[in-house]
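> Numbering (my numbering), first residue to last: 613 to 1027.
Glycine is no exception: its CB is placed at the ideal position from the N, C-alpha and C atoms.
What follows is a structure written as structure tokens; I'll ask about it next.
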Amino acid sequence: MNVDKIRENFPHIDDMIYLGAAGSAPFNLVNYNAVMECWNRRRYGSTLGGTDHAWFSEKDPLAREEGAKLIGASPDELCIISRVVQGLNLIKDTLGYNEPWKKGDNVVMTDQAYPSTGHTLLALKRHGVELRVSKHRDGRVMREDMEKAVDENTRLVVINRTSVGSGFTYDVKQVCEIAHEKGTYVLDDAVQTIGSKVVDLHDDDVDFMVTGSYKWQCGPPEAGFLYVKKSLCEELLPCFWSYINVDKGPGITGFDKFPFGAADHDSVKTYDYPFPKTAQRFEQGTTATDEIWAWHAVLKWLNGLGKENIEKRNMRLGIYLSEELEGIGCTVKTPWNPEPDALNTHRHALTMYTTGSDELDRKTTAQLRGRPIKQVKGPTMKYQAGYGGVRVSPHFYNTEEEIDLFVAYLKKLMS
Ligand SMILES: Cc1ncc(COP(=O)(O)O)c(C=O)c1O
């Protein structure tokens, strides 16, 4: 992997040491150039040039193709959303629309989930649904704890594939096995994984997945995918109805899909088509066209680099960072091992450490931004369920030299 070439796409990272991909990726030219191409086509070309409406844009199907390749899915299992929390709510509401939530039902999450998982599921309490929270052990959620939490009354298990704080990456295939044995669904929030670590949704047998593009995928701020397993695209009715989400029959694509132009347009008859047997039935209207252009460009770029190559590099950066941090007396709280063994399959570059004192963690984290010449940006304090410290998230554009500079400065601050 040519890191110098990757860095050329990030014009600001020579002026700082950017270690915050888990928050959001730094500005990059792949993204920017695609947005500009879209807007230039708008300004100088025709409005019919694929830039006026995301649905008619040539980039829409291409983005789905590249996205499907990156996550081991089929393009017709993808629905475009703008943020993760939209996808979480969409699935909660879709399940309730198909079978009303009721007292006696339960949903399972972990105490290492991002807060929006809890907020989304909390809405079910008014229906009497029990919210079960499986607790971590040293940042990990163990198989036996998940098995205890899930039973025949569980209607949904929400797993954050990589914990936003501890960096622990779950074996989602195992979570799906446990859930499916009880006849329940798994919703995988993979925003902290995709773009850094290989994800294969078909192999894991995931039911639903949500992701946004602006972190490890280095994409625009308001683009994301909701994945719905093929069989569920046919089984579940959408809770959000739109004239866009209809199927007018085989071979009818593009503008002809819509009721415009029919002699009886606007009569009830033209509304009444079945839903397509794809994730298109879950779409919530039109998305931002320039964001789709940008996301398509970024996904294509990541696929060109190769997800296995990115994973290898990020795993190496994560292990290198962990070794260096422990070398100056910090404790790495992300489950890891110096050898590239099985434990490291449960992590990538996202790394949580502590200096040993909460006060010192806070003080040094604030001071890192004042590092002379090049500030260190990205490390943030993160605590969940009593587990936490400082989160550092290098990505494929970072170098070992940058990690050395960060660790050497931290050592100085700690003394
Ligand atoms: C695991 C996880 N899920 C969801 C989000 C938030 O996503 P959004 O703002 O797109 O809803 C974050 C943000 O850090 C996250 O880490």
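Taking only heavy atoms of ligand 1 into account, decide whether any of them is closer than 8 Å to the Cβ of residue 827.
Yes; taking the cut-off as 8 Å, the Cβ of residue 827 has a heavy atom of ligand 1 nearer than that.
> Quick check: the Cα distance between residue 687 and residue 741, rounded to an integer number of angstroms?
If I take the Cα positions, the gap works out to 33 Å.
> Let me have the residue list for ligand 1: C-beta closer than 6 Å to any non-hydrogen atom, ordered along the chain.
The filter returns 695, 696, 697, 726, 728, 772, 776, 801, 803, 804 and 824, in chain order.
> Are residue 808 and residue 907 touching if we call contact CB-CB under 9 Å?
No, the Cβ-Cβ distance between residue 808 and residue 907 is not below 9 Å.
> Between 988, 916 and 968, which has its C-alpha nearest residue 630's C-alpha?
Measuring from the Cα of residue 630, the nearest candidate turns out to be 988.
> Which of the three DSSP states is assigned to residue 934 in this structure?
Three-state DSSP puts residue 934 in a helix.
> In the DSSP assignment, find the beta strand (DSSP E) that holds residue 1000 and state where it starts and stops.
Here the beta strand (DSSP E) through residue 1000 covers 999-1004.
> What residue does the beta strand (DSSP E) around residue 843 start on, and which one ends it?
Taken as a continuous stretch (DSSP letters only), residue 843 belongs to no beta strand (DSSP E), being part of the alpha helix (DSSP H) at 842-847.
> Report yes or no: do the stretch 961-975 and the stretch 685-703 share at least 3 C-beta pairs separated by less than 8 Å?
In short, these stretches do not touch, since the Cβ pair count stays below three.
> Could you compute how far the alpha carbon of residue 969 sits from the alpha carbon of residue 935?
Cα to Cα, residue 969 sits roughly 19 Å from residue 935.
> Scan the stretch 676-723 and note each continuous beta strand (DSSP E) run of 3 residues or more that stays entirely inside, going in chain order.
Whole beta strand (DSSP E) segments, 3+ residues: 690-693 and 718-722.
> Whole angstroms are fine: how far does the CA of residue 868 sit from the CA of residue 990?
Whole-angstrom Cα-Cα distance: 48 Å.
> So what does residue 752 bridge to, in DSSP terms?
Per DSSP, 749.
> Here's the rule: buried if 16 or more other CB atoms are within 10 angstroms of the residue's CB, otherwise exposed. What is residue 897?
The residue in question, residue 897, is exposed, as its Cβ has fewer than 16 Cβ neighbours within 10 Å.
> Under 7 Å Cβ to Cβ from residue 709, same chain only, skipping five residues before and after it: list those, please.
Closer than 7 Å at the Cβ level, and outside the excluded window around residue 709, lie 849 and 851.
> Can you give me the Cβ contacts of residue 737 inside the same chain, cut-off strictly under 7 Å, excluding the 5 residues immediately before and after it?
Hits under 7 Å: 743.
> Determine the burial state of residue 640: buried for a count of at least 16 other Cβ atoms within 10 Å of its Cβ, exposed for fewer.
When all chains shown are included, residue 640 counts as buried.
> Can you tell me the Cβ-Cβ gap for residue 929 and residue 922, rounded? I've got them flagged as a contact below 8 Å.
Not really, about 10 Å apart at Cβ, beyond 8 Å.
> For the alpha helix (DSSP H) containing residue 644, list its first residue and its last residue.
Counting along the chain, the alpha helix (DSSP H) containing residue 644 begins and ends at 641-656.
> Quick one: any contact between the stretch 795-814 and the stretch 754-771, if contact means 3 or more CB pairs under 8 Å?
The stretch 795-814 is in contact with the stretch 754-771.
> Are the stretch 777-796 and the stretch 750-767 touching, with three or more C-beta to C-beta distances below 8 Å?
Yes, the stretch 777-796 touches the stretch 750-767.
> Please work out which residues of its chain come closer than 6 Å, Cβ to Cβ, to residue 776, disregarding the five sequence neighbours upstream and downstream, and give them in chain order.
Closer than 6 Å at Cβ, skipping near neighbours: 726 and 804.
> Tell me whether the beta-carbon of residue 840 lies closer than 9 Å to the beta-carbon of residue 870.
No, the pair does not count as a contact, with Cβ atoms beyond the cut-off.
> Where does the unbroken alpha helix (DSSP H) through residue 981 begin, and where does it stop?
Taken as a continuous stretch (DSSP letters only), residue 981 belongs to no alpha helix (DSSP H), as it is neither H nor E.
> What are the boundary residues of the alpha helix (DSSP H) that includes residue 916?
From DSSP, the alpha helix (DSSP H) with residue 916 extends over 901-917.
> Put residue 757 into one of helix, strand or coil per three-state DSSP.
The answer is helix: DSSP assigns residue 757 an H, G or I state.
> Please check the pair residue 894 and residue 838, which I expect to be a contact at CB under 8 Å, by giving their CB distance rounded to whole angstroms.
The Cβ separation is near 6 Å, so the contact holds.
> Could you tell me the distance, in whole angstroms, from the CA atom of residue 625 to the CA atom of residue 616?
Taking the straight line from one Cα to the other gives about 12 Å.
> Grouping DSSP H, G and I as helix and E and B as strand, with all else coil, what is residue 618?
Note: residue 618 maps to helix in three-state DSSP.
> Give the range of the alpha helix (DSSP H) segment to which residue 1021 is assigned.
From DSSP, the alpha helix (DSSP H) with residue 1021 extends over 1012-1026.
> Check residue 629 in the structure and name its three-state DSSP category.
Here residue 629 sits in strand by DSSP.
> Indicate, with yes or no, if ligand 3 has a heavy atom lying under 8 Å from the CB of residue 685.
Only ligand 1 can be found as ligands here, which leaves ligand 3 out of the picture.
> For residue 715, tell me which candidate among 649, 765 and 728 has the shortest Cα-Cα distance.
Comparing Cα-Cα distances from residue 715 to each of 649, 765 and 728, the minimum goes to 765.
> Can you give, in chain order, each stretch of the beta strand (DSSP E) that sits fully within the stretch 771-848 and has at least 3 residues?
With a minimum length of 3 residues, the continuous beta strand (DSSP E) runs that stay inside the stretch 771-848 are 797-801, 820-824 and 836-840.
> Between the beta-carbon of residue 1008 and the beta-carbon of residue 937, is there less than 9 Å?
In this structure, residue 937 does not lie closer than 9 Å to residue 1008 by Cβ.
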